[in-house]
């Protein structure tokens, strides 16, 4: 059976859980608690050498990177398609996935790290923090933890917000033309944008007045949230820890 | 017939030309001269709304983004495969493509922009430069042109060089395990890394002593360069303009 190493509030984990549930696939869920830094444990590093979630174990083949995992699921389990079967449609989906991965995800993530990982990182004592840093394999991730601890700069946060505005406007314009983000089919691009931005952009950035600026995006989000697989994927998420509440914007 | 809008020295264009030639596909090549800023002409913006190369026109369907185009070519013309047919192999290839697109391409490109577009941008008169900026649809691209004109900061260039070192070491380690970057098959990941970094990293960054540091990468590069399709793709490139010589490191 497929094993998914996941941390429920992680946006990348969510992307894969939604895809698995949409396809009606059975899978074993193994929680890797990022707030306890379990992703840096030596046992987990044997599964994912960079210490990140999610990782998918399909009969011993380990796949990582959520976008890559979701295309893999399409290749192996095409029965419930989340990628258009015609090549032009697949290309449109991949174009959007790349846009979301390269120009959306990191910018929302920076605000999330600033609010959530910042709290976790500042609660770690000196000495222990340096030891944790030694266990993080990717230099970029080490840099991100250190920045989260000291706080991201206003300039970087403002730049990230501008990029998010650019993205929501782009999606809004697209939804004026097609029912879903990559065309008239529901695809992995919808799951990607929903998980990284669409589901929480209004809560995380009330000052952007998304409902007024992007009514189509809000209607699309409601349509997403109403999907049984999406609802099931979100149900397991723990939003009780203070850092997570800050991240997701949930009051409790 | 497939039409490819291309600018020979552009690394993204090169990626697609190599894939087309490897597959033995006939295509019409339409040069879009970036040094004359033809990619921002209104006629071209009708084809590619963001004013970038390459763009592929397959019987009226326009596809852009070089990684997306190359997967599209796989979907439509699978006879000469450049993507493994088994899903695990395809996932490995996509993992590397994402790594190259997100963590290699931009960093080499920054040095290229610093050396090449910087020269072009500084040769444009005030007033005319601002007019050009108005014609650039993507905010990120406008920012990049402005930075190229004033010069990238030492800190950013140093950071980019560190990322390039990380990437060449990662590829070197992989080539100790497999014949090609994504496994034992030649794939789009090899074409991607070659076009964006492998073919010119030694010439562009002599101070990194790549030959000493990464002998496997150098042997792999020679194997790539010897492929008839790669040689044909490179033959058409104009390296006579001073800016381009600076970019590619060619003496003439």
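Residue numbers (the working numbering), protein chains in the order written: chain L, 40 to 291; chain F, 40 to 291. Quick reminder that beta carbons are idealized off the backbone N, C-alpha and C, glycines included.
Legend entry - Short CB-CB distance (under 8 Å) between residue 292 of chain F and chain L: For chain F, the structure presents residues 40 to 291; residue 292 of chain F sits outside this window and is missing.
Legend entry - Own chain, CB closer than 7 Å to residue 268 of chain L, minus 5 neighbours either side, in chain order: Listed in chain order, the non-local C-beta contacts of residue 268 of chain L below 7 Å within the same chain comprise 57, 60 and 61, local neighbours out to five positions each way being set aside.
Legend entry - Beta bridge counterpart(s) of residue 151 of chain L as assigned by DSSP: DSSP lists no beta-bridge partner residue for residue 151 of chain L.
Inset, instruction - Take residue 108 of chain L and list the residues in its own chain whose beta-carbon comes closer than 6 Å to its own, dropping the five residues that flank it on each side. - result: Taken in chain order, the residues that qualify are 55, 95 and 102.
Inset, instruction - Establish whether the CB of residue 81 of chain F and some CB of chain L are separated by less than 8 Å. - result: By this cut-off, residue 81 of chain F is not an interface position.
Inset, instruction - Compile a chain-ordered list of the residues in the stretch 121 to 136 of chain L whose CB is closer than 7 Å to at least one CB of chain F. - result: 126, 127, 129, 130, 133 and 134
Legend entry - residue 250 of chain F - partner residues in DSSP beta bridges: Beta-bridge pairing links residue 250 of chain F to no other residue.
Inset, instruction - Answer yes if the stretch 41 to 54 of chain L comes into contact with the stretch 65 to 74 of chain L, meaning at least three C-beta pairs across the two stretches below 8 Å, and no otherwise. - result: yes
Legend entry - C-alpha distance - residue 264 of chain L paired with residue 64 of chain L, whole-angstrom precision: Answer to the nearest angstrom: the Cα atoms are 19 Å apart.
Legend entry - Below-8 Å beta-carbon distance, residue 96 of chain L vs any chain F residue: no
Legend entry - Beta-carbon gap between residue 84 of chain L and residue 227 of chain L smaller than 8 Å: no
Inset, instruction - May I ask you to report which of helix, strand or coil DSSP gives residue 225 of chain L? - result: Residue 225 of chain L carries a coil assignment under DSSP once its states are collapsed to helix, strand and coil.
Inset, instruction - Take the Cβ of residue 165 of chain L as the centre, count every other Cβ of all protein chains shown within 10 Å, and call the residue buried at 16 or more, exposed below. - result: By the neighbour-count criterion, in which 16 or more other beta carbons inside 10 Å mark a residue as buried, residue 165 of chain L falls on the exposed side.
Legend entry - Inter-residue spacing [alpha-carbon to alpha-carbon] between residue 168 of chain L and residue 89 of chain L: The alpha-carbon separation between residue 168 of chain L and residue 89 of chain L amounts to approximately 18 Å.
Inset, instruction - Given a cut-off of 8 Å, decide if residue 137 of chain F and residue 50 of chain L are closer than it, judged by their beta-carbon atoms. - result: no
Legend entry - chain F contact for residue 178 of chain L (CB, 8 Å cutoff): Residue contact check for residue 178 of chain L against chain F: a CB pair falls below 8 Å.
Inset, instruction - Would you kindly report the start and end of the unbroken alpha helix (DSSP H) that includes residue 133 of chain L? - result: 126 to 142
Inset, instruction - Indicate the three-state DSSP secondary structure (helix, strand or coil) for residue 33 of chain F in the structure shown. - result: What the structure shows of chain F is the stretch from 40 to 291, and residue 33 of chain F is not part of that stretch, so it cannot be assessed.
Legend entry - Selected residue, minimal CA-CA separation from residue 233 of chain L, among L:210, L:223 and L:201: Nearest option by C-alpha distance: L:210.
Inset, instruction - Within its chain, find whatever has a CB closer than 8 Å to the CB of residue 170 of chain L; leave out the 5 residues flanking it on each side and keep chain order. - result: none
Inset, instruction - Identify, in the order they occur along the chain, each residue of the same chain with its Cβ nearer than 8 Å to the Cβ of residue 86 of chain L, setting aside the five sequence neighbours on each side. - result: 44, 94, 96 and 101
Legend entry - Which residues DSSP lists as bridging residue 102 of chain L, in chain order: L:95
Legend entry - DSSP three-state assignment for residue 64 of chain F, whether helix, strand or coil: coil
Legend entry - Beta-carbon contacts of residue 119 of chain F that lie in its chain and below 8 Å, excluding the five residues immediately before and after: 61, 62 and 63
Inset, instruction - May I ask which residues mark the beginning and end of the alpha helix (DSSP H) holding residue 203 of chain L? - result: 193 to 214
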